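Structure record follows, encoded as structure tokens.
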Amino acid sequence: MTRSTAAAAKLVAKMTIQEKASLTSGATFWTTKAVERVGVPSMMLTDGPHGLRKQRANFDHLGIGDSVPATCFPPAVGLGSSWDVDLAHRVGAALGVESAIENVAVILGPGVNIKRSPLCGRNFEYFSEDPIASGVMGAALVGGTQSVGVGTSVKHFAANNQEHDRMRASSDIDPRPLREIYLRSFQRVVEDAQPATVMCSYNRINGVFASEDPFLLTRVLREEWGFTGFVVSDWGAVHDRVAAIAAGMDLEMPASGGRTDAQIVAAVRDGSLDESLVDASATRIAARALQAAAAPRVAGPLDVDAHHALAREAAGKSIVLLKNDDRVLPMQPSQRVAVIGAFATAPRYQGAGSSLISPTRLDNAFDELVARGGEQVRFAQGFTNDGSGDAAALRAEAVALAAGSDVAVVFAGLPAALESEGFDRDNIDLPVAQLELIDAVLEANPRTVVVLSNGGVVALPFAQRVPAIVEAWLLGQAGGGATADVLYGEVNPSGKLTETIPLRLEDSPAYLNFPGEQGHVRYGEGLFVGYRWYDARRIDVAFPFGHGLSYTDFSYGDASASLGADGDVTVRVAVTNTGERAGREVVQVYTGLVSASVQRPDRELKAFAVVELAPGQTREVELTVRRADLAYWHINADRWVVEGGDYTIEVAASSRDIRSMTTIRIEGDAVLLPLTRESSLGEVFAHPVAGPMLQGMMAPVLAAFGGAEADAMGGMDMQKMLSAFPIGRIGMLAGDAAGPEAIEQLLAAANAPQA
Ligand code: BGC
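Heads up: the sequence shown at position 638 corresponds to 1157 in the numbering used here, and the numbers run straight through without jumps.
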């Protein structure tokens, strides 16, 4: 028990039931209630995740635009692409400082939901289609923010992978994908970084609202993962307040005007709710409020310049160079550059919804390009985002500019109206006017670069023809400067995709099961999310998970893998910068188990690291694959199990660019499931105690079927043939030797505690 928990428990012990219940719902849209009589203060929680959104006044959701100025860092779609844990930690710390200056106790983020479908309207707020990438980046951000004494709220727990019908739909998921994909990112954050709070999601999981699911909020989160903070509801996620508190859902947000507090009091009084559960929730909330009050004050004003510079560094490291034929990039300041597209002057730099930040300032790429190229850099709008104006005339103007330039840079992307919290996209296409523009510009100037601004991936039908493509996501307030840095080579791009870019939406894993119907969405693709799917189905993609180019090249040596005393695997590989510029390479480690007894993806990301290298420099990179991350969820044992065998260790520059492969033998966990009358003969034969007993019992039968009988059946292996037969039903085969009593004895011996 921490000091603040012990202190909180003492204060809660002095409270009336009404006071305790009052702590479990908001006072206002963004604050908790104080219990001044005993000295528990109020605290403020605000959005998140990629900047502080503290509303000025009239707290409600509708005042989304009116928040105090704060640094808008790259949303998770960008920051995730940096794969840079240290950077995420520093961004997290900066978010913490901005929150502390504004007296905010908890900033609502990060979001570590899995990008199950490219259509999810909120993918820009999430890191990846992979749980380790999401969890590791999320944990780094949490660690950074909490290092300055501000709490975080990892969200949206759990399986909130779409916006469609998000407040009611049930995500129907089998246990293995639930554990191995959808919960794993949260598990990583909780176990590694112990966030102050976890935000439960709106949706239901297998029929049960996340806000009232004891399996999720108590068994998994607290008992298995050791979470010690409090659970806060997503705003308006509570459906049945009494069921929620019984499940472990501590703080209902926003305010309920005391209505649900009264329900809690009534339930305690009529005996349907155990008061100790209310005590536990009140204690967790009070503990954080006390901690927040005791946290060191951070005096303002905010160092706007320093945080803008960090936002620019982060944006630069988030950009993914998808393609760069003939080294079209970087550009030279002496080149005549046609800058085309509305996003160059009016950047799309963040997504819409509750995460919308009022930035302290805003770069745009065109001004930043002009700052380097001067009069050589000219602009044509090319298209409008709302479809207004004369598309043909805009296109003709852009084409003329491109024809007279050395390089044409088209800033294409998704208009803000197409992606937002609250709804999903219908398709992954760029607007037709933009596609036509790209084709026309390319025809006028083969040295065309496409720079993309988008929160969710888009189809790139021009990818074979356009020589250079820069995925510039939504990059936050300094994205314009960072994009110019990359285009002119002042920053060498190093981001890599944390999400596959498919050729067609129809190829994507959830295509036939998204967004569900009649209140249910079936996660029919199971474990095969993102690259796990494209690899298993051998589907070509536009750009694979983990892909990203640099202006330099890297070569990899032979990887080695060794087992540590703790069971973790250390992977080592030498990486060399073989080009002429300094650069950063994201090294990835994937594992697989060909001999697996259960279905497993071909390869799964287990570790990654960023290495910075001067031209010609070689460094050995060391990565750790945790033994726990090799485990799969054993459905019958209802726990994680590491299966023994020879694991492949692939060291890779992307999920489809494996540079070195080795294998390592891993001893498996013992799994001895209790035997029952329904256990198959195969299972009983394999059992260390029951197996030999059964051999003895069955010997006469097997012998009887041996010899001529077996020959007559083409050399049939009787033991194999009978292996699926439940032991409780073999009496008819084995006669008295395997009668009911003998079987009971065998089962009792098998299930007796082993010495
Ligand atoms: C969103 C959360 C957000 C909360 C508070 C909800 O609608 O889903 O992500 O933190 O509102 O604005």
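Every residue, glycine too, gets a C-beta built ideally from N, C-alpha and C.
Computed from a predicted structure; not experimentally measured.
Residue i in three-state terms, based on DSSP
{"i": "GLN1107", "result": "strand"}
{"i": "ASN843", "result": "strand"}
{"i": "MET1217", "result": "helix"}
{"i": "THR779", "result": "helix"}
{"i": "GLY932", "result": "strand"}
{"i": "ASN1155", "result": "coil"}
{"i": "HIS826", "result": "helix"}
{"i": "TYR1075", "result": "strand"}
{"i": "PRO773", "result": "strand"}
{"i": "GLU621", "result": "coil"}
{"i": "SER586", "result": "strand"}
{"i": "GLU1009", "result": "coil"}
{"i": "GLU1131", "result": "strand"}
{"i": "ASP1054", "result": "helix"}
{"i": "GLY1000", "result": "helix"}
{"i": "ALA927", "result": "strand"}
{"i": "TRP569", "result": "Residue identity check: residue 569 is His in the sequence provided, not Trp. Coil at HIS569, not helix or strand."}
{"i": "THR737", "result": "helix"}
Backbone CA spacing between residue i and residue j [nearest angstrom]
{"i": "LYS836", "j": "GLU710", "result": "27 Å"}
{"i": "ALA1093", "j": "VAL1129", "result": "13 Å"}
{"i": "ALA982", "j": "ILE1020", "result": "11 Å"}
{"i": "LYS573", "j": "GLY670", "result": "15 Å"}
{"i": "GLU990", "j": "GLY1083", "result": "39 Å"}
{"i": "ASN622", "j": "VAL1048", "result": "40 Å"}
{"i": "CYS591", "j": "ARG635", "result": "26 Å"}
{"i": "LEU530", "j": "THR1095", "result": "59 Å"}
{"i": "PRO694", "j": "LEU735", "result": "12 Å"}
{"i": "GLU1197", "j": "THR1167", "result": "35 Å"}
{"i": "VAL727", "j": "TYR1042", "result": "16 Å"}
{"i": "ALA1223", "j": "ARG1184", "result": "41 Å"}
{"i": "GLU742", "j": "HIS608", "result": "27 Å"}
{"i": "THR1143", "j": "ARG1119", "result": "21 Å"}
{"i": "ASP1340", "j": "ASP1188", "result": "Beyond the ends of the chain as shown, which are 520 and 1274, falls residue 1340; an answer cannot be given."}
Residue j beta carbon less than 8 Å from that of residue i
{"i": "HIS675", "j": "ASP753", "result": "yes"}
{"i": "PHE898", "j": "ALA922", "result": "no"}
{"i": "VAL616", "j": "VAL823", "result": "no"}
{"i": "ALA624", "j": "ARG803", "result": "no"}
{"i": "TYR1109", "j": "ALA1172", "result": "no"}
{"i": "GLY567", "j": "ALA595", "result": "no"}
{"i": "ALA861", "j": "GLN895", "result": "no"}
{"i": "LEU627", "j": "LEU564", "result": "yes"}
{"i": "PRO1012", "j": "ALA833", "result": "no"}
{"i": "LEU809", "j": "SER523", "result": "yes"}
{"i": "LYS1015", "j": "GLY1067", "result": "yes"}
{"i": "LEU1022", "j": "TYR1030", "result": "no"}
Classification of residue i by the beta-carbon crowding that lies within 10 angstroms, buried from 16 upward
{"i": "ASP1148", "result": "buried"}
{"i": "LEU1194", "result": "buried"}
{"i": "MET1251", "result": "exposed"}
{"i": "ASN946", "result": "exposed"}
{"i": "THR543", "result": "buried"}
{"i": "GLY748", "result": "buried"}
{"i": "LYS539", "result": "buried"}
{"i": "ASP780", "result": "buried"}
{"i": "LEU829", "result": "buried"}
{"i": "GLN665", "result": "buried"}
{"i": "GLN996", "result": "buried"}
{"i": "LEU1191", "result": "exposed"}
Closest by C-alpha distance to residue i, when choosing among the options
{"i": "ASP605", "options": "SER561, ARG572, VAL655, PHE643", "result": "VAL655"}
{"i": "ALA762", "options": "GLU742, TRP744, ALA786", "result": "ALA786"}
{"i": "GLN706", "options": "PHE746, GLU731, GLY1014, GLY545", "result": "PHE746"}
{"i": "GLU731", "options": "LEU1266, VAL669, ALA677, ALA1029", "result": "ALA677"}
{"i": "LEU702", "options": "LEU809, LEU1046, GLY1247, LEU1200", "result": "LEU1046"}
{"i": "SER831", "options": "LEU840, SER853, SER1027, ALA884", "result": "Contrary to the premise, residue 831 reads as Arg rather than Ser in this sequence. When each option's Cα is compared against that of ARG831, the closest is ALA884."}
{"i": "SER1079", "options": "VAL1088, ILE692, ALA766", "result": "VAL1088"}
{"i": "GLY941", "options": "ILE692, GLY663, GLU682, ALA659", "result": "GLU682"}
{"i": "SER972", "options": "GLY1008, GLY1000, LEU933, ILE957", "result": "LEU933"}
{"i": "VAL968", "options": "ARG1051, ALA890, ASP844", "result": "ASP844"}
{"i": "GLY1065", "options": "LEU840, LEU1132, SER672", "result": "LEU840"}
{"i": "ALA805", "options": "ALA525, VAL951, ARG867", "result": "ALA525"}
{"i": "ALA857", "options": "PHE930, VAL797, SER791", "result": "PHE930"}
{"i": "MET1237", "options": "ARG1248, LEU1221, SER561", "result": "LEU1221"}
Within-8 Å CB hit, residue i to chain B
{"i": "VAL631", "result": "Absent here is chain B; the protein component of the structure consists of one chain."}
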